[in-house]
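To start, the structure under review is shown below, and the notes come after it.
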Amino acid sequence: MLGIGVLLAQIVHQVVTNLSKEVEHHASPGQIEFSLETISAVTIALKALFLNLFQSAVGTVTHLYAGDTMLEPAVKVTVLVLVVMGWILRMDNPVFLMSFATFKAPDEWKVSHEQIIEMMRNQKCFTEDSLDFMRRLLARSGTGQATAWPPGIVQCLEEGKEPDRSIEGSRKEAEIIIFDIVDKALKKAKVSPQEIDVLVINCSLFSPTPSLCAMVVSKFNMRSNCLTYNLSGMGCGASLVSIDLAKNMLQRRGSGGGKALVVSTEIITPNLYLGNERAFLLQNTLFRCGGAAMVLSNKWSDGRHAMYKLLHTVREQGTSSEAYNCVYETEDGDGKRGVRLSKEIVKVAGKCMEKNMTTIGPYVLPLTEQIMVVVAIVARYLLKSLAKIFKMWGKENWVAKLPVVRPYVPDFKRGIDHFCIHAGGRAVIDGT
Numbered sequence: 036m037l038g039i040g041v042l043l044a045q046i047v048h049q050v051v052t053n054l055s056k057e058v059e060h061h062a063s064p065g066q067i068e069f070s071l072e073t074i075s076a077v078t079i080a081l082k083a084l085f086l087n088l089f090q091s092a093v094g095t096v097t098h099l100y101a102g103d104t105m106l107e108p109a110v111k112v113t114v115l116v117l118v119v120m121g122w123i124l125r126m127d128n129p130v131f132l133m134s135f136a137t138f139k140a141p142d143e144w145k146v147s148h149e150q151i152i153e154m155m156r157n158q159k160c161f162t163e164d165s166l167d168f169m170r171r172l173l174a175r176s177g178t179g180q181a182t183a184w185p186p187g188i189v190q191c192l193e194e195g196k197e198p199d200r201s202i203e204g205s206r207k208e209a210e211i212i213i214f215d216i217v218d219k220a221l222k223k224a225k226v227s228p229q230e231i232d233v234l235v236i237n238c239s240l241f242s243p244t245p246s247l248c249a250m251v252v253s254k255f256n257m258r259s260n261c262l263t264y265n266l267s268g269m270g271c272g273a274s275l276v277s278i279d280l281a282k283n284m285l286q287r288r289g290s291g292g293g294k295a296l297v298v299s300t301e302i303i304t305p306n307l308y309l310g311n312e313r314a315f316l317l318q319n320t321l322f323r324c325g326g327a328a329m330v331l332s333n334k335w336s337d338g339r340h341a342m343y344k345l346l347h348t349v350r351e352q353g354t355s356s357e358a359y360n361c362v363y364e365t366e367d368g369d370g371k372r373g374v375r376l377s378k379e380i381v382k383v384a385g386k387c388m389e390k391n392m393t394t395i396g397p398y399v400l401p402l403t404e405q406i407m408v409v410v411a412i413v414a415r416y417l418l419k420s421l422a423k424i425f426k427m428w429g430k431e432n433w434v435a436k437l438p439v440v441r442p443y444v445p446d447f448k449r450g451i452d453h454f455c456i457h458a459g460g461r462a463v464i465d466g467t
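Under our numbering, the first residue of the sequence shown is numbered 36, with each subsequent residue one higher.
Below is the structure:
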């Protein structure tokens with residue numbers, strides 16, 4: 036806006052200067068007496084200039100710069116600078132993080148490891164062997180002694196109360212968590228609900244009707260044309276998928292930009308496994324209540340208030356049968372529904388991380404590291420080609436003397452300052 040203002044001021048100055056040379060006036064040298072007649076003459080001259088510019092633009096784009104004196108050199112330079120800046124800004128199209136909020140569970144939701152085991156015992160379906168197995172899992176899970184469980188499950192610790200795993204109990208948990216983090220994120224960003232253009236919520240195992248997005252839109256009275264997306268069944272990686280989706284939807288809005296609200300949570304109330312197969316019991320000990328919300332914007336005017344700027348998002352997912360089945364919702368042998376976690380999950384997570392790091396490497400690694408990777412690839416290719424040639428010549432002893440060049444593993448710490456690793460258990464962190 037400042038650049039456009041400067042351009043308009045230069046054009047007005049040019050018109051006024053040209054008029055001062057053509058008409059007689061009583062002002063001192065270099066000045067103009069701004070009477071009603073002068074203002075009228077300047078207005079008419081500006082209208083004629085813009086009309087001529089429009090006709091020139093329709094006739095030929097180069098007319099403005101090919102010896103034409105319609106605009107002064109300073110004005111032409113300003114136009115060129117504005118065009119270049121506009122092109123650069125459009126190519127960048129940044130996405131900013133305006134705020135971030137997480138759910139802080141009330142104290143009455145927090146339980147210790149022993150209380151968790153007591154809650155499992157009060158479900159009246161687990162064997163002692165299963166309870167001992169879950170106790171060992173909790174001891175090695177890395178979770179603390181004051182983690183949050185939903186009130187519908189925690190209430191079974193009270194004398195004579197049964198657990199509430201109903202749809203309404205699940206919806207109550209969702210409302211408490213999601214409304215809290217959305218309200219805090221909007222207030223931190225100083226954004227009203229009516230300013231949100233895109234809403235993305237991801238929750239894997241609880242997908243009610245009306246949707247969680249509809250619940251938020253209704254509660255906060257958002258605009259009717261707000262784009263809403265409810266992601267389910269996508270596991271722990273859905274948070275990153277949600278950010279990528281919000282980024283793409285914002286960048287499709289054009290130069291005007293917009294704001295997006297991204298919410299990530301998991302609802303525990305209806306997803307307690309009530310069987311005794313060990314492959315399913317892990318879900319009863321790892322997951323807790325929680326949620327996070329963030330406000331994103333791709334308006335340049337929000338850049339100076341932003342916490343961070345989103346640089347890159349990449350997504351590579353496993354397509355093998357092991358990857359597909361490593362986290363699988365199904366029934367056990369007794370028909371009890373739950374999520375089966377495979378022993379292959381650590382290997383699958385490691386392979387996916389390797390693919391994603393390889394994809395993002397060219398964006399974040401310094402040039403020296405990238406050169407080392409290229410040199411190692413070229414060297415391995417040349418040595419492999421030489422080995423084939425030597426075998427064709429029958430020089431097997433020459434092949435044995437060729438040096439072995441291992442793939443170069445770049446040092447990502449030279450391009451990335453901080454890593455935020457999914458804390459889905461110690462084994463996942465170790466595998467990563």
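By construction, the Cβ of each residue, glycine as well, lies at the ideal position given by its N, Cα and C atoms.
The beta carbon of GLY270 sits closer than 7 Å to those of SER239, VAL362, all from its chain and outside the five residues before and after it, given in chain order. Distance from the CA atom of PHE255 to the CA atom of ALA384, rounded to whole angstroms, is 37 Å. Rounded to whole angstroms, the gap between the alpha carbons of ALA136 and ALA224 is 10 Å. For LEU262, the three-state secondary structure derived from DSSP is strand. Counting along the chain, PHE135 sits inside no alpha helix (DSSP H); it lies in the beta strand (DSSP E) bounded by residues 130-137. DSSP, read as helix, strand or coil, puts LEU316 in helix. The shortest CA-to-CA distance from VAL251 to any of LEU296, LEU345, ALA181, ARG156 is the one to LEU296. Judged by beta-carbon spacing, SER277 lies beyond the 8 Å limit of SER246, meaning their Cβ atoms are not closer than that value. The C-alpha of ARG375 is placed about 5 Å away from the C-alpha of ALA314. Rounded to whole angstroms, the gap between the alpha carbons of LYS390 and TYR416 is 21 Å. A straight-line Cα-Cα distance of about 49 Å links GLY179 and VAL413. Inter-segment contact for the stretch 145-152 and the stretch 161-177 is present: three or more beta-carbon pairs are separated by less than 8 Å. With a cutoff of 8 Å on beta-carbon distance, HIS347 and TYR398 are scored as near each other.
Boundaries of the beta strand (DSSP E) around ILE236: 233-237. The DSSP assignment places complete beta strand (DSSP E) segments of no fewer than 3 residues inside the stretch 177-260 at 233-237, in order along the chain. If only uninterrupted beta strand (DSSP E) runs of at least 3 residues are considered, those enclosed by the stretch 371-403 are 372-376. If one requires a minimum length of 4 residues, the alpha helix (DSSP H) runs lying completely within the stretch 306-368 are 313-316, 318-321, 356-360, in chain order. Closest in alpha carbon position to MET133, among LEU418, TRP433, LYS334, is LYS334. The three-state reading of DSSP puts THR300 in strand, counting E and B together. Within a 10 Å sphere around the beta-carbon of ALA341 sit 16 or more other beta-carbons, which makes this residue buried. When secondary structure is reduced to three states using DSSP, LYS294 falls in the strand class. Under the three-state reduction of DSSP output, LYS145 falls in the strand class. Annotation for GLU312: ASP367 place their beta carbon closer than 6 Å to its own, counting only its chain and skipping 5 residues before and after. Secondary structure of PHE425 (DSSP, three-state): helix. In this chain, the alpha helix (DSSP H) harbouring MET284 covers 273-286. Counting only residues of its own chain and dropping the five nearest sequence neighbours on each side, ILE380 has a CB closer than 6 Å to the CB of CYS361. In the displayed model, PHE161 falls within coil according to three-state DSSP, outside both helix and strand. By the Cβ neighbour-count rule, ASN306 is buried, with 16 or more other Cβ atoms within 10 Å of its own. Between VAL440 and ALA411, the beta carbon gap of about 6 Å places them in contact (Cβ cut-off 8 Å). Cβ contact annotation for LYS382 (same chain, cutoff 6 Å, sequence separation greater than five): none. In this structure, THR320 is the residue among VAL233, LEU437, VAL349, THR320 with its C-alpha nearest to the C-alpha of LEU173. Contact between LYS145 and ALA181 holds: CB atoms are separated by about 4 Å, below the 8 Å threshold.
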